[in-house]
Amino acid sequence: MVELQHKAIAGHNIGRFRLSTSGQPAALLDLKESPSAAILRALILKEPANRTPAERKELAKLFLESPEHPRQAAQARLTAAMKAKEAAGMAGLEVMVMKERATPKDAFVLTRGEYDKPGAKVERKLPAFLPPLPAGEPNNRLGFARWLVNGQHPLTGRVWVNRAWERLFGTGLVKTSENFGSQAEWPSHPELLDWLAVDFVERKWDMKGMLKFIMMSQAYRQSARVTADQLEKDPENRLISRGPRFRLSAETIRDQALAASGLLIAKVGGPSVKPYMPEAVWDETSVYGDMRNYKADTGEGLHRRSLYTIWKRTAAPPSMLLFDSATREVCTVKRSRSNTPLQALSLLNEVTYIEAARKLAELSLRQPGNIDQRLAWAFRRVTARELHADEAKVLRTGLEQRLAKFRADLPAAQKLLANGRSPAPTDLDAAELAAWSVTANILLNLDETITRE
Numbered sequence: 000m001v002e003l004q005h006k007a008i009a010g011h012n013i014g015r016f017r018l019s020t021s022g023q024p025a026a027l028l029d030l031k032e033s034p035s036a037a038i039l040r041a042l043i044l045k046e047p048a049n050r051t052p053a054e055r056k057e058l059a060k061l062f063l064e065s066p067e068h069p070r071q072a073a074q075a076r077l078t079a080a081m082k083a084k085e086a087a088g089m090a091g092l093e094v095m096v097m098k099e100r101a102t103p104k105d106a107f108v109l110t111r112g113e114y115d116k117p118g119a120k121v122e123r124k125l126p127a128f129l130p131p132l133p134a135g136e137p138n139n140r141l142g143f144a145r146w147l148v149n150g151q152h153p154l155t156g157r158v159w160v161n162r163a164w165e166r167l168f169g170t171g172l173v174k175t176s177e178n179f180g181s182q183a184e185w186p187s188h189p190e191l192l193d194w195l196a197v198d199f200v201e202r203k204w205d206m207k208g209m210l211k212f213i214m215m216s217q218a219y220r221q222s223a224r225v226t227a228d229q230l231e232k233d234p235e236n237r238l239i240s241r242g243p244r245f246r247l248s249a250e251t252i253r254d255q256a257l258a259a260s261g262l263l264i265a266k267v268g269g270p271s272v273k274p275y276m277p278e279a280v281w282d283e284t285s286v287y288g289d290m291r292n293y294k295a296d297t298g299e300g301l302h303r304r305s306l307y308t309i310w311k312r313t314a315a316p317p318s319m320l321l322f323d324s325a326t327r328e329v330c331t332v333k334r335s336r337s338n339t340p341l342q343a344l345s346l347l348n349e350v351t352y353i354e355a356a357r358k359l360a361e362l363s364l365r366q367p368g369n370i371d372q373r374l375a376w377a378f379r380r381v382t383a384r385e386l387h388a389d390e391a392k393v394l395r396t397g398l399e400q401r402l403a404k405f406r407a408d409l410p411a412a413q414k415l416l417a418n419g420r421s422p423a424p425t426d427l428d429a430a431e432l433a434a435w436s437v438t439a440n441i442l443l444n445l446d447e448t449i450t451r452e
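Residue numbering for the sequence shown follows numbering that gives the first Met the number 0, beginning at 0 and increasing consecutively.
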């Protein structure tokens, strides 16, 4: 059936139209003007000796343009290949590169900051209190980069090692990791900092190797338990008298919940994704365009690592800010660390963690064994340790109470399971899955779950 729709000017009519059919693939057909069948038949039936040069030329042209001709099939394949190549090129990432000017552009001190009132000319130089550029190095970005990673540089190795120590212990050997200048705090263990910095350089700046080296040390592997005497003499653990204990970063808490639930997408690279956030989170700071009416992604975009989530500096993700994530409006070397009731409320009620708890509950219910064995499996998956008998008793009692509650109120169970865009399984009992989801949510909200110790 052919349906014609007239959407032009009201006074116009549809003229004559023609339909043609062919057994050839659509890619091989070229809908160009062609002579009528009668004219073509007359040319073919005409004796070759009686054809004019113009008629012979027309027949040759029609033969070459015929869909059955091998040249047309080859041309179609070539066109398809070129389109595929073009699409692949468009899908690639464009990377900006920089090239040094042959003659550096002059720069001046601007009088009162006015661009049309240049003052004294300024040159490229390093701070006087730092070592000069090595002999023979160009006075440009390349020379600066080589100077920065020179084995004799007094700061680069120390700064990086101190930040690595801070990442693992919560506080750097130099407490002011963002400041190594005259206002910085003196290192708690200067000899250790020097030795680690030299070792880091000798390892050819192997960051992964240095992190592993610190984590395998006796200092890091100490128990985080603290006695009253230790707390009195070393409240901030500056003497490294015990193992580190501090809350995980905002990104790690989210990624950990997704990983424990099996939702985390391990894909590497790609464009930014939009996770769950309040729908109007961008509206107050945006006037127009795609910076308004925030819409979360569907599919794997909801569960990528936090590294790949989209970030608007003037409207950062609220759940990340609750856990002291940087706003990214300025460079932040050292984050603050706070503990507030809102953090617990976020872990208990935000859709990301409710959905993760449901998926963790689903994984637990599919484990072999009885209730106690499944609880032990879920606890071990989240905390990386075995479940104690008294803890198992508390968890089982709570699970049984919630199961009875949801069996008496099935709509409440279904409402809980409806959180998130990943579908709830239909082969599991809704009340049982809801009860296990609440238990899993408790596990994800435990202090030791979100704490490095």
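Just so it is clear, CB atoms sit at the ideal spot from N, CA and C, and this is done for glycine as well. Quick caveat: nothing in here was measured; it's all calculated off a predicted structure.
Could you tell me the alpha carbon to alpha carbon distance between residue 18 and residue 79, rounded to whole angstroms? Within the sequence shown, numbered from 1, the residue matching residue 18 stands at position 19. Within the sequence shown, numbered from 1, the residue matching residue 79 stands at position 80. Spanning the two alpha carbons is a distance of roughly 26 Å.
C-alpha gap between residue 150 and residue 362, whole angstroms: The residue labelled residue 150 in the question sits at position 151 within the sequence shown. The residue labelled residue 362 in the question sits at position 363 within the sequence shown. Their Cα atoms are separated by approximately 50 Å.
Let's test the definition: count the other Cβ atoms within 10 Å of the Cβ of residue 114 and tell me whether it reaches 16, buried, or not, exposed. Position 115 of the sequence shown holds residue 114. Counting Cβ neighbours within 10 Å, residue 114 comes out exposed, since fewer than 16 surround it.
Using DSSP bridges, identify the partner residues of residue 121. What you label residue 121 is simply residue 122 of the sequence shown in a count that begins at 1. BP columns for residue 121 point to 106.
Taking residue 419 and residue 353 to be in contact with their CB atoms under 8 Å, please state how far apart those CB atoms are, rounded to whole angstroms. Taking the first residue of the sequence shown as position 1, residue 419 is located at position 420. Taking the first residue of the sequence shown as position 1, residue 353 is located at position 354. 7 Å between Cβ atoms; contact.
Validate contact between the stretch 333 to 348 and the stretch 399 to 411 using beta carbons, cut 8 Å, 3 pairs: no
Going by DSSP in three states, residue 128 sits in which element: helix, strand or coil? Within the sequence shown, the letter at position 129 stands for residue 128. The three-state secondary structure of residue 128, taken from DSSP, is coil.
At a cut of 8 Å, does the stretch 256 to 270 reach the stretch 300 to 307 through at least three beta carbon pairs? yes
Cβ atoms of residue 300 and residue 273: under 8 Å apart, would you say? As a position in the sequence shown, residue 273 is number 274, starting the count at 1. As a position in the sequence shown, residue 300 is number 301, starting the count at 1. It is a contact, given that the beta carbons lie within the stated cut-off.
For residue 164 and residue 311, I'd like the C-alpha separation in whole angstroms. On the sequence shown, residue 164 is found 165 positions in, with the first residue counted as 1. On the sequence shown, residue 311 is found 312 positions in, with the first residue counted as 1. Residue 164 and residue 311: Cα-Cα distance of roughly 30 Å.
Opening and closing residue of the alpha helix (DSSP H) in which residue 260 lies: By one-based count along the sequence shown, residue 260 stands at place 261. Here the alpha helix (DSSP H) through residue 260 covers 249 to 260.
Coarse secondary structure for residue 472, derived from DSSP in three states: This structure cannot speak to residue 472, because the chain is shown only from 0 to 452.
Might you give, ordered along the chain, the residues of its own chain that have their beta carbon closer than 7 Å to the beta carbon of residue 342, omitting 5 neighbours on each side? In the sequence shown, residue 342 corresponds to position 343, counting from 1. Only 321, 322 meet the Cβ criterion.
Could you pull out every residue in the same chain whose Cβ sits closer than 6 Å to the Cβ of residue 136, ignoring the five residues on either side in sequence? Taking the first residue of the sequence shown as 1, we reach residue 136 at position 137. Excluding sequence neighbours, residue 136 sits near 142, 145.
Please report how far the alpha carbon of residue 116 lies from the alpha carbon of residue 101, in whole angstroms. Position 117 of the sequence shown, counting from 1, holds the residue named residue 116. Position 102 of the sequence shown, counting from 1, holds the residue named residue 101. The straight-line gap from Cα to Cα measures roughly 26 Å.
Closest to residue 275 by C-alpha separation, out of 296, 259, 292, 451, would be which residue? Along the sequence shown, read from residue 1 onward, the residue named residue 275 stands at position 276. Selected option, being the one with the closest Cα: 296.
Is the Cβ of residue 98 closer than 8 Å to any Cβ of chain C? In summary, chain C is missing from the structure at hand, where a single protein chain is found.
Check residue 136 in the structure and name its three-state DSSP category. Against the sequence shown, residue 136 aligns to sequence position 137. It is coil, neither helix nor strand.
With contact counted as at least three CB pairs below 8 Å, one residue from each stretch, are the stretch 170 to 178 and the stretch 218 to 226 in contact? no
Any alpha helix (DSSP H) of 4 or more consecutive residues that is wholly inside the stretch 364 to 429: 370 to 382, 388 to 407, 409 to 416
If you follow the alpha helix (DSSP H) that residue 232 is part of, which residue opens it and which one closes it? As a first step, residue 232 must be located in the sequence shown, where it is residue number 233. Residue 232 -> alpha helix (DSSP H) spans 227 to 232.
Helix or strand or just coil, what does DSSP make of residue 445? Taking the sequence shown and counting its residues from 1, one reaches residue 445 at position 446. Residue 445: coil per DSSP, three-state reduction.
I need the straight-line Cα distance from residue 385 to residue 393, nearest angstrom please. Working through the sequence shown from its first residue, we reach residue 385 at position 386. Working through the sequence shown from its first residue, we reach residue 393 at position 394. If you take the alpha carbons of residue 385 and residue 393, they lie about 15 Å apart.
Just list the residues that DSSP pairs residue 264 with in beta bridges. For the purposes of this step, residue 264 is taken as residue 265 along the sequence shown, with counting starting at 1. Answer is 303.
Between the CA atoms of residue 185 and residue 107 - distance to the nearest angstrom: As a first step, residue 107 is located in the sequence shown; it is residue number 108 there, counting from the start. As a first step, residue 185 is located in the sequence shown; it is residue number 186 there, counting from the start. Their backbone Cα atoms lie some 37 Å apart in a straight line.
Quick one: what's residue 76 bridged to in DSSP? Looking up residue 76 in the sequence shown gives position 77. Per DSSP, none; premise fails for residue 76.
How big is the Cα-Cα spacing for residue 84 and residue 75? As a working note, residue 84 is residue 85 in the sequence shown. As a working note, residue 75 is residue 76 in the sequence shown. Taking the straight line joining both Cα atoms gives about 14 Å.
Option nearest residue 267 by Cα separation, candidates 234, 291, 308, 395: Reading the sequence shown from its first residue, position 268 is the one you call residue 267. Residue 308 is the option with its Cα nearest to residue 267.
Return helix, strand or coil for residue 272, following the three-state DSSP convention. As a first step, residue 272 must be located in the sequence shown, where it is residue number 273. It is a strand residue.
Relative to the C-alpha of residue 331, which residue among 118, 367, 123, 178 is closest? For the purposes of this step, residue 331 is taken as residue 332 along the sequence shown, with counting starting at 1. Among 118, 367, 123, 178, the Cα nearest to that of residue 331 belongs to 178.
Would the stretch 419 to 439 and the stretch 196 to 215 be scored as touching if the rule is three or more Cβ pairs under 8 Å? no
With a CB to CB cut of under 6 Å and the five nearest residues on each side skipped, what residues in its chain are close to residue 162? Your numbering for residue 162 matches position 163 in the sequence shown. So the qualifying residues of the chain are 176.
Can you tell me whether residue 100 is helix, strand or coil according to DSSP? The residue labelled residue 100 in the question sits at position 101 within the sequence shown. Here residue 100 sits in coil by DSSP.
Please state the DSSP three-state secondary structure of residue 170. The residue labelled residue 170 in the question sits at position 171 within the sequence shown. Coil at residue 170, not helix or strand.
Own chain, CB closer than 8 Å to residue 417, minus 5 neighbours either side, in chain order: Numbered from 1 along the sequence shown, position 418 holds the residue referred to as residue 417. Closer than 8 Å at the Cβ level, and outside the excluded window around residue 417, lie 423.
For residue 154 and residue 313, I'd like the C-alpha separation in whole angstroms. Locating residue 154 in the sequence shown gives position 155, where the first residue counts as 1. Locating residue 313 in the sequence shown gives position 314, where the first residue counts as 1. About 33 Å.
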